[in-house]
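As structure tokens, the structure follows; a few thoughts come after it.
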Amino acid sequence: MVTLPELSVKIGRIKMANPVMVASGTFGYGREYQSLIDQPGLGAIVTKSITLKSSAGNPGPRICETSSGMLNAIGLQNNGLDDFIKEKMPGLRKIKVPLIVSIAGDSIGQYQRLAKGLNDVAGIAGLEINVSCPNIKTGMVFSRDPKLVYNLIKAVKKAVRLTIITKLSANVTDIASIARAARDGGTDAVSLINSLPAMAVDINTKKPKLANITGGLSGPAIKPVALKAVWEVSSRIKLPLVGMGGIMNWQDAVEFMICGATAISVGTANFVDPRVSSQIVNGLSKYLETQKIDNVNKLRGSLKTSGK
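Residue numbers (our numbering): 2 to 309.
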């Protein structure tokens, strides 16, 4: 009898059947993909970011392709906290995988109110605290200031019993110092990296391709930056990491775990093939079998930086 490798991982109090998550903003609210993917086969689903009040987002055009990636400036379009609880959560409770709700705000008070509002809602396993969205005016303010991050996470931690994951950007001088501030504030894990501020220009009109002028760059183009960030943080801080940024296949996922990620999150690839997350789970399992690794957690942080 063949014994399959153990794929389960733990992020805070969230037990996942495997380390493959889908990233905020790339999977809708999860139910939109029901007919396309075996959702019970995922490790977790992260919803698009929720704000306290409804937000129309940025004007269009809001998405364009770039070399080895894409730009988006959606601007956190959503119908707000109350609508999410009343209209979205009844359907989301039917999805039999851990649900992590991404939240975003303009102030510490807004984040805290969002967290309190979601804390006792049945069916939510954790919160992703989005402090690094490049498509809103306040999006990068928190992520660049360790003191702000510490105060924000500390305030959210007081408000909830849920697992907290803080989402960071590599668009800082020292990402490890930001991660340390989040840890000291009480976060259970960090996810990194968010999309990077970037832009594209139409040479015929001489205008930006996005109405917002700039947007967030995602996809394979940012994978080397993301890998460095995961390795740097994992080398300096003991904290579960969710690696993301340009993961398109199982080989990419393996790279992130070797660099120190406990789990990985698939984003832009969902737009290319909604089934890619399930394919990554299968590919990861086969890789572990081939390498004679019986537990996926043994892969984490196995990077060899010197010697044989």
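Think of the CB as a built atom: it goes at the ideal place given N, C-alpha and C, for glycine as much as any other residue. Note that the coordinates shown come from a computational prediction; the quantities given were computed from them, not determined experimentally.
Close beta carbons around residue i, own chain, < 6 Å, minus the five adjacent residues each side
i    : result
K117 : A160
L193 : L169, A230
T67  : A201
N19  : L8, G44, V282
N296 : E7
M258 : L300, R301
P147 : S178, I179, A182
S266 : M22, A24, V243, M245
Burial state of residue i, where buried means 16 or more other Cβ atoms lie within 10 Å
i    : result
G268 : buried
S307 : exposed
E256 : buried
G228 : It should be pointed out that residue 228 corresponds to Leu in this sequence rather than to Gly. That one is buried.
K49  : buried
L5   : exposed
R301 : buried
S69  : exposed
T291 : exposed
E88  : exposed
K224 : buried
V273 : exposed
S236 : exposed
N172 : buried
Whether residue i touches residue j by CB criterion (8 Å)
i    : j    : result
A254 : V10  : no
W251 : L304 : no
I165 : G127 : yes
R94  : A123 : yes
I176 : V234 : yes
M245 : P221 : no
A262 : V243 : yes
L72  : L211 : yes
C260 : N195 : no
I46  : V23  : yes
S108 : S25  : no
Beta-carbon contacts of residue i that lie in its chain and below 8 Å, excluding the five residues immediately before and after
i    : result
S55  : N79, N80, G81, D84
V150 : V132, F143, S144, T167, I179, A182, A183, G186
S208 : Correcting the residue identity first, residue 208 is Lys in this sequence and not Ser. So the list reads V202, once near-sequence residues are dropped.
G13  : G127, T164, I165, I166, D189, A190, P241
T75  : The sequence shown places Ile at residue 75, not Thr. Correct list, in chain order: G26, G58, N59, R63, I64, N136.
I86  : G118, L119, V122
Enclosing beta strand (DSSP E) for residue i [first to last residue]
i    : result
M17  : 15–17
I64  : 64–67
N298 : No beta strand (DSSP E) holds N298; DSSP gives it neither H nor E.
L77  : Run containing L77: none; DSSP gives neither H nor E here.
V47  : 45–47
S25  : From DSSP, S25 is part of no beta strand (DSSP E); its letter is neither H nor E.
E129 : 127–131
I265 : 264–267
M200 : 197–200
M245 : 242–245
K11  : 10–12
A190 : 190–193
Enclosing alpha helix (DSSP H) for residue i [first to last residue]
i    : result
M311 : The question about residue 311 has no answer here: the residues shown for the chain are numbered 2 through 309.
V282 : 277–291
G110 : 109–120
T98  : The sequence as given places Val at residue 98; Thr does not occur at that position. Premise fails: V98 is in no alpha helix (DSSP H) and is neither H nor E.
I179 : 176–186
A160 : 147–160
A270 : 270–273
S236 : 224–237
Check: residue i C-beta below 7 Å from any heavy atom of the ligand FMN
i    : result
R162 : No copy of the ligand FMN appears in this structure; indeed no ligand is present at all.
Proximal residues to residue i (C-beta, below 7 Å), its chain only, five neighbours per side dropped
i    : result
G106 : T52, L53, Y112, L115
I238 : A177, A180, R181, R184
I294 : P6, L300
K16  : S9
A270 : I248, M249, V277
N298 : V10
Y343 : Nothing about residue 343 can be read from this structure; the chain reaches only from 2 to 309.
Contact between the stretch 216–224 and the stretch 198–206: three or more CB pairs below 8 Å? yes
Cβ contact (3+ pairs, closer than 8 Å) linking the stretch 145–159 and the stretch 174–191: yes
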